[in-house]
Every structure is written in C-alpha cells, then in structure tokens.
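Participant: This structure is in structure tokens; I'll ask about it shortly.
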Amino acid sequence: MSDVKIKIKDRDGVVHEVDAPTDMNMNLMEIVRSYELAPEGTIGICGGMAMCASCQCYVESDHQLPEMSDDEDAMLAEAFNVKENSRLGCQIHITEDLEGLEVELAPES
Amino acid sequence: MIKTDILIIGAGPTGLFAVFEAGLLQLKCHLIDALPQAGGQCSEIYPKKPIYDIPGFPEVLAGDLVNNLMEQIKAFQPGFTLGERANTIEKLDDGTFLVTTNKGTKHNAPIIAIAGGLGSFEPRKPLINNLSAFEERGVAYFIKDPEVYRNKKVLIAGGGDSALDWSIFLADVASEVTLVHRRNEFRGALDSVEKVQALKNIGKINLITPAEVVDLKGSGKLEAVVIHKSGDKDEEIIKEIDEFIPLFGLSPKLGPIGNWGLEIEKNAIKVDTFDYQTNIPGIYAIGDVNTYPGKLKLILCGFHEATLMCQSAYQRIFPDKKYVMKYTTVGGVSGFDGSKKEAPKSVVKSID
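Protein chains in written order, with this note's numbering: chain A, 1085 to 1193; chain B, 11 to 362.
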C-alpha cells in the first residue's frame, strides 16, 4: 500500500502538501492532526464521530468522495460557515482514490 | 464557602473516578462543572455511543459508564457545583486555594485537580453581526428558567435535540413558538421529531424551513428578527419576537483556566508524569486537559492519572503520615456514609 499526496490549506491560508497513508485506517481529520496543521483542541474535538464539525473542510478538487452519511449531513446542517463543498474531515477515509485531493480547513467556530 | 480536601474541576469520567481513589485515602472531594449534569463529554456529546476500550467492559455506552461511576463513588459523598464555571483561583495565606465560579460560588481546598477535558462547554453562536449586542436583551443560548418565556413570542433556531425538545416544552409556556432550521430535516429522537410535527399540525409550533436568522432588530431590546428563507424563490421574512434562542450545540473552550498561570502547551496543561502536578504545586491536571510526552487522550489513561494524583495529594496534605497503598480486595471500601463493602470472609472448617 502506498501513500497519497493531499494538499491542505490551513486556517491561515498556508498550503501544505502532505503524504497520507492509505493503510493506517486514517481519515482526513486525523491526517491534519498528525501533521499538526491546526492547533490541538481546535480540530477533531468529538474524536471523529461527526458530532462537532470542528474538522469541517472545503473540498476544492473534483474527486469522487464517499457519500455523506445522515449524521454528517445533519451535523453540517447545524455548523457555521458551511458551503456547497463542505465535508467533515473525520468522515473522509483515506484511500488511493484520494491522490491529489485538495482541501481547505474551514474557520474555527 | 464550600470546603473540601480535593477540589476537582470537571465532572467527566476522570474527575468522577478521582473521587473514588481519593475516598480510599479518606480524602473528600467536591466537583465543579460548567454543564448542568455530571459526565462531561460522555453525557453531553455521546451518551448513546458504545466505548470498547474500558478495561473489563467489552462494550459500555458512554452514558452507562457515567452512571456506573456515579454509583461507584456514591459512598464517598462527593459534592457538586454544576452549571457553573470555575473562573478565578487565589492562593490564600495558609497555602490553600480559593476557587470562585462565574456565579460567585466560593470553594476552598488544599488540593486542586483540574480534570477539565477539552475545557468548559460554551454555546456555539451563529454568525449574526449584531448578535452579541442583544445578549441578555432577548438573546439567550441556554434556557435556565423556562418561566422567563411565559406568554412571550419565542423563536428557536437549530436542528438538533435541544432545539426540538425546547420547542415542544415552550409550546405550552410561550404565547408563540417559532422553530427555524436550515434544513427541512431534523436530527433528534424520533419521538421528539414526531411531537414537533404534531404541534406544528395543530398550529402550536410555527415551523420555518429551510431558513436562517440573518439579522436582529430592536432598540435596546430585541424586537424582531430577519429570516432568510430559501426555496424556489428566496424570501426575507421580518418576524416580531421577544426572545431568540439559538441552539447550535456546545463547543469546548479552555476558558479562564488558561489564565491561571499554568504552563500551557497545545491548548493543554503541562504536567509532570510523576504525579500529574502542574507548574503550580498543589494544582494537578488529569485526563484530556493535560499534556506530557506520549500523552494519549483516553478515558483509561485518565483513570490512571487520577489514581497517581490522589496518592501525591495525600502526601501533600499529610507529609508526615506513613502510608502504603491498600488493595480494595484486602481493605474493602469504607464510605463516608458509614457503608462498608468488603470481600466475604472464607470459612475455615474441617470436612469430615
């Protein structure tokens, strides 16, 4: 299994290109945390249960992402700064299909 | 003034278990929590989620874990100051600490254990420009006393359980209840969703979806809100109301503890792993709120930290007492309520 390259724009507008492993059962929120692209305590607060929206991000590339679960959809309906391309990072599992994915972290709320 | 041996800030699983370990050492505890109930995140965010890594519990719901902890510590009669946030700390001349909450409740103890998790839960406020200008003047994020809303025109925004449940409750109290949500779908207990539907059908709840409150109007006090309703044709609705209650959940903030002079790193309090003491002697930090090399934010790690913290606290309070840790299988558990639990004695009897 190999890594995929993902571009993540942090909350200060800085773009980071990082290697994300596809064989570690990780999601996008955890990738952001592992590279410390957002301060601890401001992302992944609920641990990845789609219950806090602290890992909201905007998907900027046209990758085919897994469909939203009802939980994710409902959480985004209550979150702020939500756009058409908003997703919760914790619900995006890292797979080989995500090579070249580009995302931007939504503001902290 | 509330006096205790160990003042625990945060009534999540780690804080609750600390009461047990302290109790075994005959130390009394009092807990402060900003939430109205004990249990921290387990009760507030995910009571119905199963946890699989509590030793000895192949599977336990977060809410049940909290109930079990409350049962386990009952005999040690912990005190609780709930719904209040620890605001300030002061070191007194006798070396003890004085902690005052946002509501002015004073607590005095020689030992402080911060078990604050990710911080105190603060309401998530919608992004409306002039929102803060109307706080306490028609805008509230918590419902403390429903009677405040009697015969008032109330507008609730949000799509989760609390928005649904309070709409149902206030339908019988307020003169008019309007519920605004960005979607047509709500996320809540089926029973609550159905009740709101029924109340809407008989005209007791006025439902506006998909819509969002975008502006507030009033001079000195809230008088009306501007609602943006989307649909085939977007429209702006100006609605006269007395009270606006946005219920968009809670988000944890380290808050005032961040200004207590404690060494902070990555939104957490640095501790010495010898006994989880902070840079201020007598103040400990346990559970998710602390950080040290190799830290893992796990409930089971919080339990361990609470246990070591209590041993160190005992030494601090009684520096001259000799003490060795006793197993509960040997010493049993003697509650402050006079209860005593211990292993049944085996009999020594000859068999003919």
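From the three backbone atoms N, C-alpha and C, an ideal C-beta is built for every residue, glycine too.
Can the beta-carbon of Phe30/B be found closer than 8 Å to that of Phe346/B?
Facilitator: In the second sequence, counting from the first residue as 1, residue 30/B sits at position 20. In the second sequence, counting from the first residue as 1, residue 346/B sits at position 336. No, they are not a contact pair.
Participant: For Glu245/B, which of Gly259/B, Leu232/B, Gly268/B and Val224/B has the nearest alpha-carbon?
Facilitator: Counted from its first residue, the second sequence places residue 245/B at position 235. Here the closest residue by C-alpha is Val224/B.
Participant: Measuring CB to CB, does Val190/B end up less than 8 Å from Ile218/B?
Facilitator: Taking the first residue of the second sequence as 1, we reach residue 190/B at position 180. Taking the first residue of the second sequence as 1, we reach residue 218/B at position 208. Cβ atoms of Val190/B and Ile218/B: closer than 8 Å.
Participant: Using 8 Å as the threshold, is the C-beta distance between Asp252/B and Lys162/B below it?
Facilitator: For the purposes of this step, residue 252/B is taken as residue 242 along the second sequence, with counting starting at 1. For the purposes of this step, residue 162/B is taken as residue 152 along the second sequence, with counting starting at 1. It is a contact, given that the beta carbons lie within the stated cut-off.
Participant: What separation, rounded to the nearest whole angstrom, lies between the Cα atoms of Pro68/B and Pro60/B?
Facilitator: Sequence index remark: in the second sequence, residue 68/B carries index 58 (1-based). Sequence index remark: in the second sequence, residue 60/B carries index 50 (1-based). Approximately 10 Å between the Cα atoms of the pair.
Participant: Below 8 Å CB to CB, which residues in the same chain sit around Asp15/B once its five sequence neighbours on both sides are set aside?
Facilitator: Position 5 of the second sequence, counted from the start, is the residue given in the question as residue 15/B. So the qualifying residues of the chain are Ala32, Leu37, Lys38, Cys39, Ala119, Pro120, Ile121, Ala323 and Ile327.
Participant: I'd like the span of the alpha helix (DSSP H) that includes Gln287/B, first residue to last.
Facilitator: The residue labelled residue 287/B in the question sits at position 277 within the second sequence. Here Gln287/B belongs to no alpha helix (DSSP H), and DSSP marks it neither H nor E.
Participant: So the candidates are Ile124/B, Arg134/B and Phe27/B; which of them puts its Cα closest to the Cα of Pro262/B?
Facilitator: The residue you call residue 262/B lines up with position 252 of the second sequence. For Pro262/B, the nearest C-alpha among the options comes from Arg134/B.
Participant: Along the chain, where does the alpha helix (DSSP H) that runs through Ala32/B open and close?
Facilitator: Taking the second sequence and counting its residues from 1, one reaches residue 32/B at position 22. Pro23 to Leu34 is the extent of the alpha helix (DSSP H) around Ala32/B.
Participant: Under the rule that 16 or more other beta-carbon atoms within 10 Å means buried, what is Leu1160/A, buried or exposed?
Facilitator: Taking the first residue of the first sequence as position 1, residue 1160/A is located at position 76. That one is buried.
Participant: Less than 8 Å between CB atoms is the rule here; does Ala234/B satisfy it with respect to chain A?
Facilitator: The sequence position of residue 234/B within the second sequence is 224, counting from 1. For Ala234/B, the answer is no, since every Cβ of chain A falls outside 8 Å of its Cβ.
Participant: Take the Cβ of Gln1140/A as the centre, count every other Cβ of all protein chains shown within 10 Å, and call the residue buried at 16 or more, exposed below.
Facilitator: Within the first sequence, residue 1140/A is the residue found at index 56, counting from 1. So Gln1140/A ends up on the buried side.
Participant: Is Asp43/B closer than 8 Å to Leu92/B when the C-beta atoms are compared?
Facilitator: On the second sequence, residue 92/B is found 82 positions in, with the first residue counted as 1. On the second sequence, residue 43/B is found 33 positions in, with the first residue counted as 1. The answer is yes: Cβ separation under 8 Å.
Participant: If we call anything under 8 Å between Cβ atoms a contact, is Leu34/B one with Val281/B?
Facilitator: Counted from its first residue, the second sequence places residue 34/B at position 24. Counted from its first residue, the second sequence places residue 281/B at position 271. In this structure, Val281/B does not lie closer than 8 Å to Leu34/B by Cβ.
Participant: Cβ of Ala96/B within 8 Å of Cβ of Thr111/B?
Facilitator: To locate residue 96/B, count along the second sequence from 1; it is residue 86. To locate residue 111/B, count along the second sequence from 1; it is residue 101. Contact flag set, yes.
Participant: Within 8 Å of any Cβ in chain A, is that where the Cβ of Asn78/B sits?
Facilitator: For the purposes of this step, residue 78/B is identified with residue 68 of the second sequence, where counting begins at 1. It does not; no Cβ of chain A falls within 8 Å.
Participant: Please report how far the alpha carbon of Ser1118/A lies from the alpha carbon of Lys1091/A, in whole angstroms.
Facilitator: Taking the first residue of the first sequence as position 1, residue 1118/A is located at position 34. Taking the first residue of the first sequence as position 1, residue 1091/A is located at position 7. Those two C-alpha atoms are separated by around 14 Å.
Participant: How about Pro262/B: is its C-beta nearer than 8 Å to some C-beta of chain A?
Facilitator: Working through the second sequence from its first residue, we reach residue 262/B at position 252. Judged by the 8 Å Cβ criterion, Pro262/B is in contact with chain A.
Participant: Hey, is Cys1141/A's beta-carbon within less than 8 Å of any beta-carbon in chain B?
Facilitator: Looking up residue 1141/A in the first sequence gives position 57. Closer than 8 Å: no.
Participant: Pull the bridge partners of Pro256/B from the DSSP assignment, please.
Facilitator: Taking the second sequence and counting its residues from 1, the one referred to as residue 256/B is at position 246. DSSP output for Pro256/B lists Ala167/B as bridge partner(s).
Participant: Using only alpha-carbon positions, find the residue among Thr1126/A, Asp1181/A, Ile1115/A and Asp1157/A that is nearest to Ala1134/A.
Facilitator: Here residue 1134/A corresponds to residue number 50 of the first sequence, with the count starting at 1. It is Asp1157/A.
Participant: Going along the chain, which residues of its own chain have a beta-carbon closer than 6 Å to the beta-carbon of Leu1112/A, five neighbours each way excluded?
Facilitator: Position 28 of the first sequence, counted from the start, is the residue given in the question as residue 1112/A. So the qualifying residues of the chain are Gly1173 and Ile1176.
Participant: Does the segment 163 to 180 of chain B come close enough to the segment 189 to 206 of chain B that 3 or more CB-CB pairs lie under 8 Å?
Facilitator: As far as the Cβ criterion goes, the segment 189 to 206 of chain B touches the segment 163 to 180 of chain B, which means the pair count is three or higher.
Participant: In this structure, how does DSSP classify Lys331/B when only helix, strand and coil are distinguished?
Facilitator: Position 321 of the second sequence, counted from the first residue, corresponds to residue 331/B. Correct three-state label for Lys331/B: coil.
Participant: For Lys116/B, which of helix, strand or coil comes out of DSSP?
Facilitator: Locating residue 116/B in the second sequence gives position 106, counting from the first residue. Strand at Lys116/B.
Participant: How big is the Cα-Cα spacing for Leu1185/A and Glu1144/A?
Facilitator: Your numbering for residue 1185/A matches position 101 in the first sequence. Your numbering for residue 1144/A matches position 60 in the first sequence. Each residue's alpha carbon lies about 8 Å from the other.
Participant: Identify every residue that forms a DSSP beta bridge with Arg1171/A.
Facilitator: In the first sequence, residue 1171/A corresponds to position 87, counting from 1. Paired residues: Cys1141/A.
Participant: For Tyr286/B, is the classification buried or exposed, using 16 other Cβ atoms within 10 angstroms of its Cβ as the cut-off for buried?
Facilitator: Along the second sequence, one-based indexing puts residue 286/B at 276. Label assigned to Tyr286/B: buried.
Participant: I'd like to know whether the C-beta of Arg95/B is nearer than 8 Å to at least one C-beta of chain A.
Facilitator: As a position in the second sequence, residue 95/B is number 85, starting the count at 1. Not an interface residue.
Participant: Pull the bridge partners of Asp182/B from the DSSP assignment, please.
Facilitator: Position 172 of the second sequence, counted from the first residue, corresponds to residue 182/B. In DSSP, Asp182/B forms no bridge with anything.
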